[in-house]
Amino acid sequence: MPTNITRIHFIGIGGAGMSAIAKILLQKGYTVTGSDITKSEAVHRLERFGAKVFIGHCRENIKDVEAIVVSTAITADNPEVVAARERGIKIFHRSDMVAMLMNEAQGIAVAGAHGKTTTTSIIALMLEKSGLDPTIIIGGDLDYLNGNAKWGQGKYLVAEADESDGSFIKLSPHIAVVTNIENDHMDHYGTMESILQAFKDFLEKLDSVTGLGILCFDNAYVRDIAANINRKFVSYAVDHEAEYMARDITIRGTTTIYTVYHKETKLGTIELNVPGRHNVANSLAAVAVGMSVGLSFEQIAEGISMFRGVKRRFQTKGRVDGVWVVDDYAHHPTEIATTLQAARDVKPKRLICVFQPHRFTRTKLLIKEFGGAFGMADILILTDIYAAGENPIPGVSGELIKDEVERQSGKKAVYIQDRANIARYLTEIVESGDLVMTMGAGNIYLAGEELVEKLVEK
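Just so you know, we're using the working numbering here: the sequence shown kicks off at 242 and counts up by one.
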């Protein structure tokens with residue numbers, strides 16, 4: 242970190258990545274201020290740690306700061322950014338801060354289209370429970386951290402590497418995990434070739450002698466990149482040949498048990514207390530990391546067994562009269578299908594999916610894929626698109642996905658344009674034994690919370 246800067250201001254401090262870095266800087270002794278448009282739980286937590294947070298953006302907010310931090314979501318015409326430029330105040334991107342923190346440690350960076358937060362969280366907990374006291378920066382809340390970050394005294398820093406805007410190539414990790422690669426974030430990359438090049442560049446930031454890639458060979462794009470990089474790596478997979486493999490997978494409710502093999506040598510058994518084959522893969526990445534940093538298999542297995550999930554990742558919102566209400570962040574067709582399969586594996590009477598599309602551009606680009614993503618749901622309810630700051634695209638709405646699902650599957654779906662009306666509809670159709678899953682990266686979790694409240698009132 243810059244040694245001549247002690248007062249740092251975060252614009253959009255309540256964001257997942259921004260709040261994590263702000264918390265670590267507070268723990269390291271920096272004076273941290275910030276601004277945001279709402280007073281979220283993340284903002285309240287930072288205030289309890291000593292941050293001063295302004296609600297709303299204005300020039301006066303940065304009068305006493307030496308540097309500001311922005312994310313890609315903050316535009317150049319933000320009044321605080323404009324004032325900082327006029328006054329010659331240093332402006333750092335969020336990824337610059339992660340890179341500087343990582344340069345002070347041995348970095349373990351987790352990249353990929355899906356599974357980053359869960360994989361990073363499992364690795365962090367495993368290292369924590371093994372006594373290594375890592376610094377942690379993740380994009381979701383963990384109960385044992387009371388948030389999404391921690392400054393540790395150990396030599397490792399574990400962080401998500403965000404590929405969405407290409408900024409992850411600023412990182413120079415000691416270990417780089419790639420969980421998968423997909424055609425997402427096309428608004429930034431434009432072509433699949435650009436996405437693949439970005440991941441290749443990310444892996445080539447590893448030291449050519451001491452660096453190590455940990456790559457999921459279940460993904461064809463990852464296998465292709467592995468064949469074209471000049472860096473050391475180990476592979477892991479659930480459904481493909483790899484150095485680390487999961488076999489004999491047994492699902493018992495929300496618990497999954499599997500056996501780990503390394504190059505055909507049996508290492509032992511993992512008990513994973515979150516559902517889904519995709520989480521087997523996420524935890525297998527942690528096994529590979531643990532073995533690479535010298536942990537015993539027993540330490541690895543114990544750490545993984547303690548993991549109970551991340552906020553908004555298959556998160557139970559409530560169980561009322563036999564109805565189980567769960568929320569998940571899945572918003573890409575692959576994530577949706579994978580998460581619904583995990584929900585199906587716990588054998589509910591009926592699986593009811595309530596999906597809120599995220600971004601007009603993603604909905605338009607992936608409409609065919611969305612049409613085939615919901616096959617595991619018995620009942621599908623769609624609502625309108627969560628814009629995430631985008632301007633509407635004519636003809637693109639949640640109803641477009643409804644029509645595509647019905648066209649591909651021949652099954653009827655339900656479209657409720659206003660999210661606020663979903664809970665009332667659900668109370669009329671749910672039965673004991675149902676699993677209701679709200680899904681999306683916006684505010685659809687509110688529908689699940691409202692459903693739980695209405696069921697309790699009944």
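Think of the CB as a built atom: it goes at the ideal place given N, C-alpha and C, for glycine as much as any other residue. The structure displayed is predicted, hence computed values, not measured ones.
Inset, instruction - Pick out the complete beta strand (DSSP E) segments inside the region 521 to 601, 3 residues or longer, and give them in chain order. - result: Runs found: 556 to 561, 564 to 569 and 592 to 596.
Inset, instruction - Would you mind stating whether V515 and T360 have Cβ atoms separated by less than 9 Å? - result: It is not a contact, given that the beta carbons lie outside the stated cut-off.
Inset, instruction - Confirm, please, whether the CB-CB distance from A468 to E404 is below 9 Å. - result: Cβ atoms of E404 and A468: not closer than 9 Å.
Legend entry - Rounded straight-line distance, which links the Cα of H599 to that of V323: Rounded to the nearest angstrom, the two C-alpha atoms are 29 Å apart.
Legend entry - Buried versus exposed, by CB contacts within 10 Å (16 or more), C299: Around the CB of C299, fewer than 16 other CB atoms lie within 10 Å, so the residue is classed as exposed.
Inset, instruction - Taking 9 Å as the cut-off, decide whether the C-beta atoms of V534 and L373 are in contact. - result: Yes, the Cβ-Cβ distance between V534 and L373 is below 9 Å.
Inset, instruction - Please name the residue, chosen from T497, Y477, G431 and L607, that lies closest to L513 on a Cα-to-Cα basis. - result: Ranking T497, Y477, G431 and L607 by Cα distance to L513 puts T497 first.
Inset, instruction - Say whether the region 399 to 414 touches the region 457 to 472, bearing in mind that this needs 3 or more beta-carbon pairs closer than 8 Å, one atom from each stretch. - result: Short answer: they don't touch.
Inset, instruction - Return the first residue and the last residue of the beta strand (DSSP E) that M486 is part of. - result: Element bounds for M486: Y485 to R493.
Inset, instruction - May I ask you to list the residues that DSSP assigns as paired with I249? - result: Bridge partners of I249: V273 and A308.
Inset, instruction - Output yes or no for whether 9 Å exceeds the beta carbon distance between I262 and V339. - result: Yes, the pair counts as a contact, with Cβ atoms nearer than the cut-off.
Legend entry - Chain-order list of residues whose beta-carbon lies under 8 Å from that of F474 (same chain, five-residue window excluded): If the five residues before and after F474 are omitted, its C-beta is found closer than 8 Å to the C-beta atoms of L444, L453, G454, I455, L456 and A467, all from its own chain and listed in chain order.
Legend entry - Residues that DSSP places opposite C237 in a beta bridge: Nothing can be reported for residue 237: it is not among the residues displayed for the chain, which extend from 242 to 699.
Legend entry - Cut-off 7 Å between Cβ atoms - residues of its own chain near L368, not counting five sequence neighbours on either side: These residues qualify, in order along the chain: P375, Y397 and V399.
Legend entry - Own chain residues within Cβ distance below 7 Å of Y462, not counting five before or after: So the list reads I422 and L437, once near-sequence residues are dropped.
Legend entry - C-beta atoms of T272 and I296 nearer than 9 Å: Taking 9 Å as the Cβ cut-off, T272 and I296 do not qualify as a contacting pair.
Legend entry - Per-residue DSSP class, three states only, for F333: Three-state result, F333: strand.
Legend entry - As assigned by DSSP and simplified to three states, the class of T415: The residue you asked about is not Thr; residue 415 is His in the sequence shown. Collapsing the DSSP output to three states places H415 in coil.
Inset, instruction - Count the other CB atoms, across all protein chains shown, that sit within 10 Å of the CB of S276; report buried if there are 16 or more and exposed otherwise. - result: When all chains shown are included, S276 counts as buried.
Legend entry - Length of the line joining the Cα atoms of K653 and E647: Roughly 6 Å between the two C-alpha positions.
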